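Listed in order, the protein sequences are those of chains A and B. The opening residue of the first sequence carries number 1 in my numbering; numbering runs sequentially from there. The opening residue of the second sequence carries number 1 in my numbering; numbering runs sequentially from there. Yeah, the Cβ is synthetic: ideal placement off N, Cα and C, and Gly gets one too. Because the structure is a prediction, the values reported are computed rather than measured. A short worksheet on the structure shown next.
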Amino acid sequence: DAKTTQPPSMDCAEGRAANLPCNHSTISGNEYVYWYRQIHSQGPQYIIHGLKNNETNEMASLIITEDRKSSTLILPHATLRDTAVYYCIELNSGNTPLVFGKGTRLSVIA
Amino acid sequence: GAGVSQTPSNKVTEKGKYVELRCDPISGHTALYWYRQSLGQGPEFLIYFQGTGAADDSGLPNDRFFAVRPEGSVSTLKIQRTERGDSAVYLCASSLYVGEGYEQYFGPGTRLTVT
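The structure is reproduced here in structure tokens:
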């Protein structure tokens, strides 16, 4: 079973920042936080991951709290193409199967 | 470049029949994973290969499910005596290596419908 908790759905206005929260209160010291998203009728797509420092790439930013019990994925300027289900996953560096929960369904609205 | 491809994209079969689902990973990727996704749920892990060998098959639901990767590239997921509950999207993913920093790249999936 997934060990992370995410809201089932969120809306965001096009052009605004989308902030997707995730709780992972039982995360252990060697587990990373990974984010994937799944656009309708496609396979999941990797977005970003981190251990304890904040991370940024061309797709998104990941903010991890100091106690590592929660994180926020930020899409700085959401577009309609960002409408998808977003999954937050804990992953041990040596343990590769991804354990998906139900994720957050993000709807970007024009 | 070419991503992960899966064939067929859709498969309809009758209950009790045998099916094979194929996955072509990204060239050079050593790890290959199978997941299945039921409607409204996140993908569920089935099995993964490191090279030719199954490194973890703990997600296979029962002995009707079997997967092979004989040459360390293409993989086939085989389902015997299909049941209506096997209906789902079967996803394949590959990664260059196993471990942190090597993200999994997913194919578009095969939608299996058992009637």
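Neighbours of A:TYR32 in chain B, taken as residues whose beta carbon is under 7 Å from its own, are GLU100 in chain order. In this structure, B:ALA93 sits away from B:GLN37, with a CB-CB distance that is not shorter than 7 Å. Here DSSP, grouped into helix, strand and coil, assigns B:ARG69 to coil. Ranking A:SER28, A:THR79, A:ALA60 and A:ASP1 by CA distance to the CA of A:TRP35 puts A:ALA60 first.
Proximity of the stretch 2-19 of chain B to the stretch 69-78 of chain A falls short of the contact definition, fewer than three beta-carbon pairs being nearer than 8 Å. The residue among A:ASN92, A:LEU98 and A:ILE48 with its C-alpha nearest the C-alpha of A:ILE74 is A:ILE48.
Taken atom to atom, the span from the alpha-carbon of A:LEU91 to that of B:THR115 is near 36 Å. Secondary-structure assignment with DSSP links A:MET10 through a beta bridge to A:LEU106. DSSP, read as helix, strand or coil, puts A:LEU91 in strand. According to the DSSP secondary-structure assignment, A:ASN19 is paired through a beta bridge with A:ILE74. Between B:THR52 and the set B:SER73, B:ARG64 and B:LEU39, the nearest pair of CA atoms involves B:SER73.
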